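In what follows, a structure is listed as structure tokens, so that the remarks can point back to it.
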Amino acid sequence: MQEYDLFVIGGGSGGVRAARMAAQSGATVALAEAGALGGTCVNLGCIPKKLYSYAAHYGEAFDEAQGFGWSGAPPTFDWERLKRNRAIEIMRLNGVYEKLLIGAGVQLMRGRARLADAHTVEVAGELVRATNILVATGGAPHKPDFPGHELAITSNEIFDLEPFPRRLLVIGGGYIACEFASIFSGLGSRVTQLYRGAQVLRGFDDDLRAFVAAEMAKKGVDIRLNAQVASLQRAAGGLRATLADGDALEVDAVLAATGRWPNAGGLGLQEAGVRLDEHGAIAVDDAFRSSVPHICAVGDVIDRVQLTPVALAEAMVVVDRLFGAGKRTIDYENIPTAVFTHPNVGTVGLTEARARERYGALRIYRSEFRPLKHTLSMSGERSLMKLVVDDASDRVVGVHMVGADAGEIVQGFAVALKAAATKALFDSTIGIHPTAAEEFVTMREPVG
Ligand code: NDP
């Protein structure tokens, strides 16, 4: 039987990073993946989503160009061409991932892996032994259990939806729901978004949530709050969604974007003694060791923070502990994140509400404005920028933005937060003019 220092189950962001880094440090490594390399991020998540978001932005860019002197026949959108071009690019990335693994000396095994015992993995009938095992099997979309839920699609199916949905119902108020509501609205669908709570993007800063919901609505997304689907049925020419309040909607497709659950089943984990937590995620300690210490897990399957860069960082901690100096740690504070709504959301640090709980007295700086570009574009889009400052220490503890390229802008400010920058330091930083980002270093007066 082949023996490896490390066997990685899952070829997504966390698994590929761990396998490559371990192999490059001299370990013998195998990785099993049944599907396309790159996992959710590359195949059914971040990357195709961002490509579709770019596609959707062009829709408004054509309109806005008129104010800058451009004219011409209104362009038409070809959904088939977008899908085809996306598929080609994703295949290219699958190839890049494969090359990276093979180039690093990782043995790639095609098929679903299952633990035969705590040190033996079976892949497509072949048994191999491993000193260490890393489970990086990610997560999968979860649909609520209402009558007719099988008629709803998830983010797994949306990228290749056939035909283009002229009327789309989105269920959920999280990242995926808000992003696809914006994207399909931008591509020309009539989008209704139902969220069960009082405001979308629970967990984000309240000002930011209200602001982005209003901006999405201005662009045409019909956001219905405190709303639930009671049932879904086929109807002539589409689907009929009956809501909990008795209202009904006729649509072409329903996207359930109601959370993602860990892929921890069917792997023989519990039989090998690995404990799952109450949400079905693999329970791990600070070093990502499960209850069977040589079996580790990272990424969405441990359900801490479902973000690719976090899975990458977790993978690096595991590899460093197993094959390196063992000094690397991960800091879950101040993880910057973006939501690719239209306009984008970018955020790092604490919301105003969380900061108030932690620090008490705060100073809040807030700026809402029409970006320079939209003075001629005739778009009504506005931006929001907000700083949350701990009054006692003067430290900036939250940076929040709604506006074009918010993710690009907030990434840099995430470094400032990690460096514990004070508001005085922000104030002494020279702005780059004319940009939206300069607003973060020129807000002088706290709001009341
Ligand atoms: P989220 O957890 O972000 O959102 C799930 C949404 O579905 C919430 O609004 C939740 O409501 C709602 N919901 C859950 N269960 C039900 C139900 N039974 N009935 C009605 N509504 C329900 O999950 P997503 O699926 O949007 O995304 C999964 C994760 O993937 C994200 O949390 C994020 O970490 C990651 N991701 C990151 C992206 C990025 O970085 N840009 C993009 C896409 C995904 P409630 O708030 O009331 O619980």
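To convert, take the position in the sequence shown, counting from 1, and add 111; that gives this note's numbering.
A virtual CB, placed ideally from N, CA and C, is assigned to each residue, including glycine.
Just so you know, these numbers come straight off a predicted model, no measurement behind them.
- Message: Measuring CB atoms only, is the segment 216–226 touching the segment 377–390, in the sense that at least three cross pairs come out at less than 8 angstroms?
- Response: yes
- State the start and end residues of the unbroken alpha helix (DSSP H) segment that holds arginine 467. 463–470
- Item | Supposed close pair glycine 170, phenylalanine 188 - CB separation, criterion 8 angstroms | About 7 angstroms separates the two Cβ atoms, so the contact holds.
- Item | Sub-8 angstroms separation of threonine 419 and serine 124 beta-carbons | Yes. Within cutoff.
- Check valine 127 in the structure and name its three-state DSSP category. If DSSP states are grouped into helix, strand and coil, valine 127 belongs with the helices.
- Message: Please state the DSSP three-state secondary structure of phenylalanine 270.
- Response: In the structure shown, the three-state DSSP call for phenylalanine 270 is coil.
- Message: Distance check for leucine 148 and arginine 195, CA to CA, integer angstroms please.
- Response: 19 angstroms
- Query: Could you give the distance in angstroms between the alpha-carbon of leucine 162 and the alpha-carbon of glycine 457?
  - Reply: 18 angstroms
- Task: With DSSP collapsed to three states, give me the class of asparagine 243.
- Result: strand
- Residue ranges of each alpha helix (DSSP H) run of no fewer than 4 residues wholly in the segment 510–536, ordered along the chain? 517–529
- Item | Alpha carbon of lysine 329 to alpha carbon of methionine 489, nearest angstrom | 13 angstroms
- Message: If you follow the beta strand (DSSP E) that proline 252 is in, where does it begin and where does it stop?
- Response: 250–252
- Query: Using CA coordinates, which residue listed in Leu433, Gln522, Gly559, Thr533 is at the minimum distance from isoleucine 244?
  - Reply: The residue with the shortest Cα to Cα distance from isoleucine 244 is Leu433.
- Taking the alpha-carbon positions, what's the alanine 525 to glutamate 290 distance? 22 angstroms
- Task: Could you check how far apart the C-beta atoms of serine 494 and valine 513 are, in whole angstroms? I think they sit under 8 angstroms.
- Result: 6 angstroms
- Residue interval of the beta strand (DSSP E) (run including isoleucine 294): That residue, isoleucine 294, is in no beta strand (DSSP E); its alpha helix (DSSP H) goes 286–298.
- So, using beta-carbon positions, are asparagine 267 and proline 252 closer together than 8 angstroms? yes
- Query: Should the segment 365–377 be called in touch with the segment 269–282, which here means at least 3 C-beta pairs below 8 angstroms?
  - Reply: yes
- Verify whether the separation of the beta carbon atoms of aspartate 411 and histidine 390 is less than 8 angstroms. no
- Check arginine 203 in the structure and name its three-state DSSP category. helix
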